[in-house]
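Participant: Order-wise, the sequence lines are chains V and F. The working numbering applies: residue 1 is where the first sequence begins, and numbers increase by one. The working numbering applies: residue 1001 is where the second sequence begins, and numbers increase by one. Below: one structure in structure tokens.
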Amino acid sequence: MLKVEVWRGTRQGRFQSFDVPRREHQTILDVVTEIQREQDATLAYRFACRVGMCGSCAMTVNGRPRWTCRTRVAEVVGRDNRLRLEPLPNFTVVKDLAVEMTGFFDKWRDAKGYFEPGGHAGEGFAVVSPTTPQRQAADAGIECIGCGICYAACDVVAWEPDYLGPAALNRAWTLVNDVRDAGNAERMAAVAAASGCQACHVHMNCTEFCPKGLAPTYAIAGLKRETIARALGRRN
Amino acid sequence: MSAALFIAQRATAAILAFAVAGHLATIVYAVRGGLTAAEVLARTRHNGWFLAFYALFVIAAAIHAPIGLRNVVREWSSWRGRSLDYALAAFCALLVVMGLAAALALYAA
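In structure tokens form, the structure reads like this:
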């Protein structure tokens, strides 16, 4: 039997204990779902795909941010069979295990983390060779699904609430390396501002915890290099 | 942190890496060699290399330290804005004045 402590409330709240039977191949999301369906229907949490595609089930499991659908109980539970489930840090808690993602995605917008086609969008397909360094740099970070794990794990986000965070900066770096994109002057101005890439302390929590195995730290390092190149007049 | 501050801090860090090593080597040389105060002053007096080294060291440190402190203060307290920038500019000026005064005093002693 698992002893599960689940955060109940918003910013203020308490842990509530549940006993949940252990099952073969059980995931953390299975545990949460079983609690909600069998024991306490008022428990709030979020999930959609259950297979690691949507990123919406991210929570703090025994102190570490994780996708609960892709985390088996056997991976995280010790001999004491204890689980502690909390909402992701660095987000506003809506209720129990569900967090408000608006601020996180607002920062993607603020980092100009969207494709800017410029005036040539109607001129047919751009041919981008997979072997160019820019394409490879973009490919390295493009698989981000916006789950917020890196943002929850980031110390700088905790200290500096305005900091754009690893996910938004990672997205910006993929676009800086997108040869079709026409918005880099504004994007680099956004990511080089006071709350931008230079605030990163290279703790590498984002890279450590990213469930997709991405390395936002290196994307941020790339933005730092690009910022310096532009400040020294080596790029337009 | 703006790009200019970021570059200034990284550039001065590169200078400090050598300056601190040189400074430590100087200390070890003076202490292990058992130099007296008079012997130290004899080596620093009217020594242009000494003055240039420590002037560069002082200026690099005076730029580097306040930028780092500014980051620490911004991350660990709610102090932001113009008043913080002025306070750290004053700290920078203090480091420059005290450091250059010390180097000049040894040069002109």
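Here a beta-carbon is modelled for each residue, glycine too, at the ideal position from N, C-alpha and C.
Determine whether the beta carbon atoms of Thr-174(V) and Ile-142(V) lie at a separation below 7 Å.
Facilitator: In contact: Thr-174(V) and Ile-142(V) (Cβ atoms closer than 7 Å).
Participant: Along the chain, where does the beta strand (DSSP E) that runs through Glu-24(V) open and close?
Facilitator: Element bounds for Glu-24(V): n/a, residue is neither H nor E.
Participant: Looking only at DSSP bridge pairs, what is Trp-159(V) linked to?
Facilitator: None, per the DSSP bridge assignment.
Participant: Classify Leu-83(V) as helix, strand or coil using the three-state DSSP reduction.
Facilitator: Three-state DSSP puts Leu-83(V) in a strand.
Participant: In the DSSP assignment, what are the bridge partners of Ser-17(V)?
Facilitator: Ser-17(V) is bridged to Glu-5(V).
Participant: Under the three-state reduction of DSSP, which class applies to Trp-1076(F): helix, strand or coil?
Facilitator: Looking at Trp-1076(F) - three-state DSSP - the assignment turns out to be helix.
Participant: Mind checking if Ile-1007(F) is an interface residue toward chain V, Cβ cutoff 7 Å exclusive?
Facilitator: Closer than 7 Å to some Cβ of chain V, the Cβ of Ile-1007(F) qualifies, so yes.
Participant: Would you say Glu-86(V) and Trp-159(V) are within 7 Å of each other, going by their C-beta atoms?
Facilitator: Cβ distance not < 7 Å, so Glu-86(V) and Trp-159(V) don't count as in contact.
Participant: In the structure shown, what three-state DSSP assignment does Val-77(V) receive?
Facilitator: Note: Val-77(V) maps to coil in three-state DSSP.
Participant: Work out the CA separation of Ala-111(V) and Arg-135(V) for me, nearest whole Å.
Facilitator: If you take the alpha carbons of Arg-135(V) and Ala-111(V), they lie about 20 Å apart.
Participant: For a quick check, are the C-beta atoms of Cys-150(V) and Cys-69(V) less than 7 Å apart?
Facilitator: In this structure, Cys-69(V) does not lie closer than 7 Å to Cys-150(V) by Cβ.
Participant: Quick one: using the 10 Å Cβ neighbour count with 16 as the cut-off for buried, is Glu-100(V) buried or exposed?
Facilitator: Glu-100(V) comes out exposed.
Participant: So with Cβ pairs under 7 Å, would you call Glu-208(V) a contact of chain F?
Facilitator: So, not an interface residue.
Participant: Quick one: give me the first and last residue of the alpha helix (DSSP H) that Glu-100(V) is part of.
Facilitator: Where Glu-100(V) is concerned, there is no enclosing alpha helix (DSSP H), although the beta strand (DSSP E) it sits in stretches over 98 to 100.
Participant: For the candidate residues Asn-81(V), Thr-71(V), Asn-177(V) and Met-188(V), whose alpha-carbon lies nearest to that of Pro-130(V)?
Facilitator: Per the Cα distances, Asn-177(V).
Participant: Quick check: is the beta carbon of Ala-1037(F) nearer than 7 Å to any beta carbon in chain V?
Facilitator: So, not an interface residue.
Participant: Measuring straight from C-alpha to C-alpha, what distance separates Val-128(V) and Ala-137(V)?
Facilitator: Rounded to whole angstroms, Val-128(V) to Ala-137(V) spans 13 Å at the Cα level.
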